[in-house]
Amino acid sequence: MNKKILSIIGVIAAVIILGALYNTYLAPSGVEGEKEVSLQVIIEKEDIDEEFTFQTDHEFLGELMEDEQEALELIYDEHSALGMMISGMLGYEVDSSSEYFHILINGEDAEYGASSIALMDGDEYVLELRSLSDYGGNDDGETDEAEEKEVSLRVTLDKEDIEETFTFQTDFEFLSELIEDEAETLEVEYEDTEFGLSITEILGYEVDGSTEYLHILVNGEDAVTGLSGIELMDGDEYELELRSFAPMEDDEEGTATDVKEVTFIVTIDTEDIAEEFTFQTEQEFVSELVEDEAEVLELEFETTDFGMSITEILGYEMDGSGEYLHILVNGEDSETGLSGIEIKDGDVYELQRRDF
Amino acid sequence: MSSNAETFNGMKVQDLVLISILSASITAGKLALSFLPNVEVVSLLFILYTVTLGVKKTWLISVIFATTEIFLYGFSTWVLGYYVVWPILILATGALKGKVKSEYGFAMISGIFGLSFGFFFALFESLFYGIAYGMAYWARGIPLDILHGASNYIIAIILINPLLKVFKSQLKQYYIR
Numbered sequence: 014m015n016k017k018i019l020s021i022i023g024v025i026a027a028v029i030i031l032g033a034l035y036n037t038y039l040a041p042s043g044v045e046g047e048k049e050v051s052l053q054v055i056i057e058k059e060d061i062d063e064e065f066t067f068q069t070d071h072e073f074l075g076e077l078m079e080d081e082q083e084a085l086e087l088i089y090d091e092h093s094a095l096g097m098m099i100s101g102m103l104g105y106e107v108d109s110s111s112e113y114f115h116i117l118i119n120g121e122d123a124e125y126g127a128s129s130i131a132l133m134d135g136d137e138y139v140l141e142l143r144s145l146s147d148y149g150g151n152d153d154g155e156t157d158e159a160e161e162k163e164v165s166l167r168v169t170l171d172k173e174d175i176e177e178t179f180t181f182q183t184d185f186e187f188l189s190e191l192i193e194d195e196a197e198t199l200e201v202e203y204e205d206t207e208f209g210l211s212i213t214e215i216l217g218y219e220v221d222g223s224t225e226y227l228h229i230l231v232n233g234e235d236a237v238t239g240l241s242g243i244e245l246m247d248g249d250e251y252e253l254e255l256r257s258f259a260p261m262e263d264d265e266e267g268t269a270t271d272v273k274e275v276t277f278i279v280t281i282d283t284e285d286i287a288e289e290f291t292f293q294t295e296q297e298f299v300s301e302l303v304e305d306e307a308e309v310l311e312l313e314f315e316t317t318d319f320g321m322s323i324t325e326i327l328g329y330e331m332d333g334s335g336e337y338l339h340i341l342v343n344g345e346d347s348e349t350g351l352s353g354i355e356i357k358d359g360d361v362y363e364l365q366r367r368d369f
Numbered sequence: 003m004s005s006n007a008e009t010f011n012g013m014k015v016q017d018l019v020l021i022s023i024l025s026a027s028i029t030a031g032k033l034a035l036s037f038l039p040n041v042e043v044v045s046l047l048f049i050l051y052t053v054t055l056g057v058k059k060t061w062l063i064s065v066i067f068a069t070t071e072i073f074l075y076g077f078s079t080w081v082l083g084y085y086v087v088w089p090i091l092i093l094a095t096g097a098l099k100g101k102v103k104s105e106y107g108f109a110m111i112s113g114i115f116g117l118s119f120g121f122f123f124a125l126f127e128s129l130f131y132g133i134a135y136g137m138a139y140w141a142r143g144i145p146l147d148i149l150h151g152a153s154n155y156i157i158a159i160i161l162i163n164p165l166l167k168v169f170k171s172q173l174k175q176y177y178i179r
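Sequences listed follow chains H and P, in order. Each residue of the first sequence is one higher than the one before, counting from 14 in my numbering. Each residue of the second sequence is one higher than the one before, counting from 3 in my numbering.
Laid out in structure tokens, this is it:
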């Protein structure tokens, strides 16, 4: 029994000695006394690049940042094993699933977190928001660097006599991202809908979602997806053209309505659904017909600023982010949504599920 | 049905039940001491089970234990590390149990394992985040590793013999070989 107690005492003594050795040789140690250090915060995507100079007698960067929490607009968590985890600075909140604040000390990558970085007089610290996908030492910039592209964007608003062309250098992947980034230049107001970015105002002109829309052309051809689905390619020319949903024939308001017979084909390739319907209708637009026949078509829909948007058809629920219902009128791609297609006797309308 | 009926991979029903109960005992042991950083009975129990039941059954216990951790804490790299780190202890104990003659030997195994715990995890984390992260992770955790090693040694030297005695007698009474 004595031997056991002795060995336990020995282990405790070893812990004390090892702890002391760690503190002396391995633990990050600070320097006491007054120091002047600079701290630069770079958040490129928000155009933030601010430099602060602090006089401090703190020993570690984490302590200094805590002390200057207000000036730095710092949000952080105290993580038990890793020390200070910065979750926001200068009003910007980090999306921890995809980005982090990278720390550089005098231009070199820091090996520890802010709580373990010992402050030294004259040191320059940089906290730069980086994507987690850059993590892992790709400092030479040879890999994973987004490709820079030059693209042009023409905005045509006929009724306002506006036609402006912009040229952008960008490393964004999608047109929607570029437009979001250039919102100020393009005087754009937009909404994030479940079908992607939807522009409500451009170059000071407010789009009346019930009668008109911005038609998208890519290198002169109709785009098959919305802005969020258009991948930017170097040299591409994009056009946003204000168009009406329906011909403006206000004087026809009083005319008698005829009964029309139309065919409606719904194809959901992933579910092996292909059904054909024939409808007699007096309605003027396809959206109205579809609404009337909602029960037959097992239809669920939403009315957005841009007209009707189908969320479920023949029991199939649309995944708004990855797929859409492509509309064909008499075998040709429709230029408008359902709310803009005027019904003509004998027309064949097709709704095909397609991936963006 | 006989308790010796073969079920899966040549294992008996009583083995399946025993493995489940013992993995539960490890989870319970871990949770009971979770308020003390790096003081645990998990290492001790894995050593105890390896000495009495062998490497294969104890490895299965560790797999269930690691999987239970995912249910409790969610999926992350440290939980994945459990699938690797605990089998290292089980294999080491299995390899050395013939040579260890007293509680001091088991306490040493447990102590050295606790001391190296952060290092094993750092190696594992390096696979995901790079060597620099692994080194920083290990260096940052050295004080906790020292505490882990010492507490493992003390717990094992006090408890391993009484536990071995009780566990072996229970096995003799209820476990049909």
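Each residue gets a CB set at the ideal place from its N, CA and C atoms; glycine is no exception. Owing to the predicted nature of the structure, the values given are computational and were not obtained by experimental measurement.
- H:D122 bridges to which residues according to DSSP? Bridge partners of H:D122: H:L117.
- Query: On the three-pair Cβ rule with 8 angstroms, is the region 225 to 236 of chain H touching the region 245 to 255 of chain H?
  - Reply: yes
- Query: Interface residues of chain H around P:L46 at Cβ under 9 angstroms?
  - Reply: Here the premise fails: no neighbours, minimum Cβ distance about 15 angstroms.
- Task: Taking only beta-carbon positions, decide if P:P145 is within less than 8 angstroms of chain H.
- Result: yes
- Since P:A138 meets chain H, which of its residues come closer than 7 angstroms, beta carbon to beta carbon? By Cβ distance, chain H contributes E124, Y125.
- So is H:L39 buried or exposed if we call it buried at 16+ other beta carbons inside 10 Å? exposed
- Just how far apart, CA to CA, sit H:G222 and H:G320? A direct Cα-to-Cα measurement between H:G222 and H:G320 gives close to 7 angstroms.
- Bounding residues of the beta strand (DSSP E) (the contiguous stretch that carries H:K357): Taken as a continuous stretch (DSSP letters only), H:K357 belongs to no beta strand (DSSP E), as it is neither H nor E.
- Rounded to whole angstroms, what's the CA-CA distance from H:F65 to H:E59? Just pull it up for me. CA-CA distance, H:F65 to H:E59, rounds to 18 angstroms.
- In whole angstroms, what separates the C-alpha of H:L34 from that of P:G76? 36 angstroms
- Message: On the criterion of 16 or more Cβ atoms from any shown chain inside 10 Å, does H:E284 qualify as buried, or is it exposed?
- Response: exposed
- Based on the DSSP secondary-structure assignment, which residues constitute the bridge partners of P:V102? Answer by DSSP bridge pairing: none, since P:V102 is not bridged.
- Message: Measuring only the C-alpha atoms, how far is P:L149 from P:L24?
- Response: 26 angstroms
- Task: Taking only the alpha-carbon atoms, compute the straight-line gap between H:G101 and P:S22 and give it to the nearest angstrom.
- Result: 44 angstroms
- Contact set between the region 21 to 32 of chain H and chain P, restricted to residues whose Cβ is under 8 angstroms from the partner: Taking 8 angstroms as the upper bound on Cβ-Cβ separation, chain P lies near residues I21, V24, I25, A27, V28, L31, G32 of the region 21 to 32 of chain H.
- Query: Which residues in the same chain as H:E295 place their Cβ atom closer than 8 angstroms to its Cβ, once the five residues preceding and following it in sequence are excluded?
  - Reply: T270, D271, V272, K273
- Query: With a CB to CB cut of under 8 angstroms and the five nearest residues on each side skipped, what residues in its chain are close to H:S165?
  - Reply: So the list reads T178, F179, T180, F181, D249, E250, Y251, once near-sequence residues are dropped.
- Message: For H:S352 and H:F314, what's the separation of their Cα atoms in angstroms?
- Response: 12 angstroms
- Query: Looking only at its own chain, which residues have a Cβ that is under 8 angstroms from the Cβ of H:L310, when we skip the five neighbours before and after it?
  - Reply: F277, V279, F290, V303, I326, L327
- H:V237, enclosing alpha helix (DSSP H) - first and last residue: Premise fails: H:V237 is in no alpha helix (DSSP H) and is neither H nor E.
- Query: How is H:T224 classed by DSSP in three states: helix, strand or coil?
  - Reply: coil
- Query: H:G239: buried (16+ other C-beta within 10 angstroms of its C-beta) or exposed?
  - Reply: buried
- Item | Residue-chain proximity (H:Y35, chain P), Cβ-Cβ < 8 angstroms | So, interface residue.
- Message: If the cut-off is 8 angstroms on Cβ atoms, which residues from the region 152 to 172 of chain P count as contacting chain H, listed in chain order?
- Response: Under the 8 angstroms Cβ criterion, the region 152 to 172 of chain P contributes A152, Y155, I156, I159, I160.
- Message: Tell me the residue span of the alpha helix (DSSP H) that contains P:H150.
- Response: 133 to 176
- Are the region 123 to 133 of chain P and the region 78 to 86 of chain P touching, with three or more C-beta to C-beta distances below 8 angstroms? yes
- Among H:L364, H:V342, H:R366, H:T349, which has the Cα closest to the Cα of H:D358? The residue among H:L364, H:V342, H:R366, H:T349 with its C-alpha nearest the C-alpha of H:D358 is H:V342.
- Just confirm the distance between the C-beta atoms of H:F298 and H:E355, as a whole number of angstroms; I'd bet it's less than 8 angstroms. The beta carbons of H:F298 and H:E355 sit about 6 angstroms from each other, so the pair counts as a contact at 8 angstroms.
- Got a sec: is the Cβ-Cβ distance from H:L39 to anything in chain P below 8 angstroms? Yes, H:L39 counts as interfacial toward chain P.
- Cα-Cα separation, H:L140 to H:G75: Cα to Cα, the separation comes out at about 12 angstroms.
- Message: DSSP has H:T178 in a bridge; who is on the other side?
- Response: H:R167.
- Item | Length-filtered (3 minimum) beta strand (DSSP E) runs lying within the region 180 to 218 of chain H | 202 to 206, 209 to 215
- Are the C-beta of P:Y106 and some C-beta of chain H separated by less than 8 angstroms? Put simply, the CB of P:Y106 is near chain H, with a gap under 8 angstroms to one of its CB atoms.
- Item | Coarse secondary structure for P:V19, derived from DSSP in three states | helix
- Task: Verify whether the separation of the beta carbon atoms of P:Q180 and P:Y177 is less than 8 angstroms.
- Result: Residue 180 of chain P lies beyond the stretch modelled for chain P, which goes from 3 to 179, so this question has no answer here.
- Message: I'd like to confirm the pairing. Which residues does DSSP put opposite H:A287 in its beta bridges?
- Response: H:T280
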